[in-house]
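Chemist:
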Ligand SMILES: O=C(O)CCC(=O)C(=O)O
């Protein structure tokens with residue numbers, strides 16, 4: 381079994397930049413890393429985390445002491461965790477097993493006390509720790525990663541609505557993308573780009589990781605001629621015949637120390653090795669800066685799903701519906717799910733923008749925040765405008781959209797009155813407050829039910845943001861209406 385980390389087979393041309401997160405401003409992070417989509421390691425952001433105190437032996441954090449693993453198994457006895465067997469491959473990932481937290485910890489402690497280097501290398505991945513143990517606040521998300529539309533949305537909405545994949549529905553409804561990873565020295569993650577082409581951030585509570593990154597401009601080099609399969613392990617002997625361009629790849633490398641947080645930009649393929657026994661916290665997320673990456677992936681995956689069944693088009697009653705169902709099953713969401721998602725974020729941004737532009741009606745007032753809401757709306761508009769030309773939203777197919785999806789994006793007043801939308805708006809207000817005013821000054825959110833308005837930042841008792849929005853568009857029947865709504869909002873002189 382090859383337990384080496386980064387066998388040095390690939391050509392490394394640079395190191396990932398390291399920056400002191402404690403002195404970096406949000407604007408600098410956006411300008412230097414998030415907007416240009418560049419990786420960075422941030423230091424100085426985890427000193428107050430409970431996880432860093434409670435989960436590790438402070439004197440030597442080259443991995444958790446058996447005593448601390450025991451503490452984790454006792455305190456967080458999850459009945460079912462996902463564990464990757466790092467020594468066996470299943471398609472493009474490692475084979476996944478399910479076990480209890482107790483079984484996982486017993487295996488880890490047993491292996492290290494026997495000095496067993498031949499048993500399976502088990503790596504606990506994708507543990508939904510925050511969802512499972514919400515009362516135990518293990519860490520706070522640094523402000524740089526707080527503009528997280530994916531997790532904000534999943535806290536109050538299902539990502540896929542149709543009941544066609546009903547068996548998975550509960551799982552999908554409850555999912556979030558906030559994880560804990562735990563693995564002994566030698567565990568690793570094969571080469572991949574992140575789900576939905578999201579960003580990720582990953583913080584080492586203890587231990588160290590070796591990361592190898594490939595810029596998106598070279599992604600094509602890790603695929604075979606048919607663009608079907610990609611390289612699994614960059615430390616294997618990679619067949620030149622199968623992957624003719626792999627030898628041309630140039631990588632960035634990074635050894636991430638304990639207490640450091642790495643920002644993984646959209647679409648960068650990466651492979652990761654635990655150099656010590658390691659516990660890390662990891663979120664996937666997207667927002668206005670990488671929304672176009674998510675749309676591009678959905679569009680590419682849609683084309684693949686459609687090509688695959690093109691020869692049965694003529695015998696299908698609802699060919700587009702079938703393509704969208706397959707897309708949701710393969711990628712995790714389809715065009716309609718994504719449209720519901722961006723419609724809600726557009727509305728939440730318009731509500732906030734309305735209030736911020738009328739300072740008397742809000743507790744918030746800042747040019748930076750205004751610019752951010754405008755940027756978000758422009759980014760949603762850009763994607764919605766691309767969606768207008770897709771088959772999924774032509775007149776015929778719009779009539780076939782399920783009632784569940786139709787009602788999730790059509791009636792603006794109904795959406796604005798939903799409890800789930802209210803929760804999303806509150807989460808968004810809090811996130812921008814955290815980013816621009818700092819946590820300690822966090823706004824006292826008002827109870828919007830006490831007054832007519834939806835915004836948690838509104839201070840006016842007879843605010844009419846609903847009337848304001850519906851004066852532009854009352855119903856949204858597809859992306860073209862969303863574009864009109866955003867254009868009207870941004871050009872409205874009254875704002
Ligand atoms: O830590 C790991 O093993 C993998 C993490 C990862 O791939 C990510 O954060 O995107």
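In our numbering, the protein residues as written are 381 to 875. Using N, Cα and C, we set each Cβ at its ideal position, and we do this for glycine too. Only a predicted model underlies this, so the values are computations on that prediction, with no experimental measurement involved.
(1) Just mark residue 485 as buried or exposed, buried being the case when its beta carbon has 16 or more other beta carbons within 10 Å.
(2) Throw me the rounded Cβ distance for the residue 673 and residue 766 pair, which I believe falls under 8 Å.
(3) Counting pairs of beta carbons, one from the region 399 to 411 and one from the region 422 to 430, are three or more of them closer than 8 Å?
(4) Go through the region 690 to 773 residue by residue and report every complete run of the beta strand (DSSP E) that reaches 3 residues or more, in order.
(5) In chain order, what residues of the same chain lie with their CB nearer than 7 Å to the CB of residue 773, ignoring the 5 residues before and after it?
(6) Between residue 404 and residue 631, what straight-line distance do the alpha-carbon atoms span, to the nearest angstrom?
(7) Report the option in 615, 729, 591, 620 whose CA atom is closest to the CA atom of residue 601.
(8) Taking only heavy atoms of ligand 1 into account, decide whether any of them is closer than 6 Å to the Cβ of residue 519.
(9) Is residue 954 near residue 687, with beta carbons less than 7 Å apart?
(10) Identify, in the order they occur along the chain, each residue of the same chain with its Cβ nearer than 8 Å to the Cβ of residue 821, setting aside the five sequence neighbours on each side.
(11) Looking only at C-alpha atoms, which of 865, 476, 502 sits nearest to residue 731?
(12) Which residue from 392, 412, 786, 389 puts its Cα closest to that of residue 643?
(13) Short of 7 Å in beta carbon distance, which residues of its chain neighbour residue 746, apart from the five on each side in sequence? Order them along the chain.
(14) Ignore the nearest five residues each way along the sequence and tell me which others in residue 799's own chain have a CB closer than 6 Å to its CB.
(15) Have a look at 692, 693, 663, 704 and flag the residue whose alpha-carbon is nearest the alpha-carbon of residue 679.
(16) Looking only at its chain, what residues have a beta carbon closer than 8 Å to the beta carbon of residue 855, apart from the 5 residues adjacent to it on each side?
(17) Kindly list the residues whose CB is nearer than 8 Å to the CB of residue 803, restricted to its own chain and excluding five residues on each side of it in sequence; keep chain order.
(18) By Cβ distance below 6 Å, which residues in the same chain neighbour residue 511 in space, the five residues on each side in sequence not counted?
(19) Please determine if the region 574 to 586 and the region 661 to 673 are in contact, where contact requires at least 3 C-beta pairs separated by less than 8 Å.
(20) Tell me, please, which residues DSSP counts as bridged to residue 461.
(21) Going by C-alpha to C-alpha distance, which of 808, 467, 506, 622 sits closest to residue 752?
(22) Which of the three DSSP states, helix, strand or coil, is assigned to residue 811?
(23) With a cut-off of 7 Å, does the C-beta of residue 726 fall near any C-beta of chain B?
(24) Smallest Cα separation from residue 628: which of 637, 614, 636, 640?
(25) Give me the Cβ distance between residue 711 and residue 681, rounded to the nearest whole Å; I'm assuming they're in contact under 8 Å.
(26) Could you tell me the boundaries of the alpha helix (DSSP H) in which residue 515 lies?
(27) State the beta-bridge partners of residue 562 as determined by DSSP.
(28) Assign residue 640 to buried or exposed, taking buried as 16 or more other Cβ atoms, counted over all protein chains shown, within 10 Å of its Cβ.
(29) Cβ-heavy atom distance between residue 646 and ligand 1 below 6 Å?
(30) Please determine, among 782, 867, 409, 693, the residue with the shortest C-alpha to C-alpha distance to residue 717.
(31) My output table needs one value for residue 471: the three-state DSSP class, helix, strand or coil.
(32) Determine the direct distance from the alpha carbon of residue 870 to that of residue 819, and round the result to whole angstroms.
(33) Does the Cβ of residue 473 lie closer than 6 Å to at least one heavy atom of ligand 1?
(34) In whole angstroms, give me the CA-to-CA distance for residue 563 and residue 589.
(35) Taking 7 Å as the threshold (C-beta atoms), are residue 461 and residue 481 in contact?
(36) Taking the straight line between their C-alpha atoms, what separation do you get for residue 392 and residue 420?
Modeler: Concretely, from the data shown:
(1) Buried is the call here.
(2) Actually they are not in contact, since the Cβ atoms of residue 673 and residue 766 sit about 13 Å apart, beyond 8 Å.
(3) yes
(4) none
(5) 767, 858, 859
(6) 26 Å
(7) 620
(8) no
(9) Because the chain spans 381 through 875 in this model, residue 954 falls outside it and cannot be assessed.
(10) For residue 821, the predicted model reports a pLDDT of 44, less than 50, meaning its position is unreliable and no value from the coordinates is stated.
(11) Closest in C-alpha terms to residue 731, from the list 865, 476, 502, comes 865.
(12) 412
(13) Cβ within range, chain order: 816.
(14) none
(15) 704
(16) 790, 791, 792, 861
(17) 535, 536
(18) 556
(19) yes
(20) Residue 461 has 479 as its beta-bridge partners, per DSSP.
(21) 808
(22) Under the three-state reduction of DSSP output, residue 811 falls in the helix class.
(23) The question asks about chain B, but that chain is absent: this structure has only one protein chain.
(24) Comparing Cα-Cα distances from residue 628 to each of 637, 614, 636, 640, the minimum goes to 614.
(25) 5 Å
(26) It is not in any alpha helix (DSSP H) - residue 515 carries neither H nor E in the DSSP assignment.
(27) According to DSSP, which records beta bridges pairwise, residue 562 is partnered with 504, 659.
(28) buried
(29) no
(30) 782
(31) coil
(32) For residue 819, the pLDDT reaches just 46, beneath the cut-off of 50, and the residue's location in the model is therefore unreliable, although a value from the coordinates is still provided. Going from the Cα of residue 819 to the Cα of residue 870 covers about 29 Å.
(33) It does not: the Cβ of residue 473 is nowhere closer than 6 Å to a heavy atom of ligand 1.
(34) 11 Å
(35) yes
(36) Roughly 16 Å separates the two Cα atoms.
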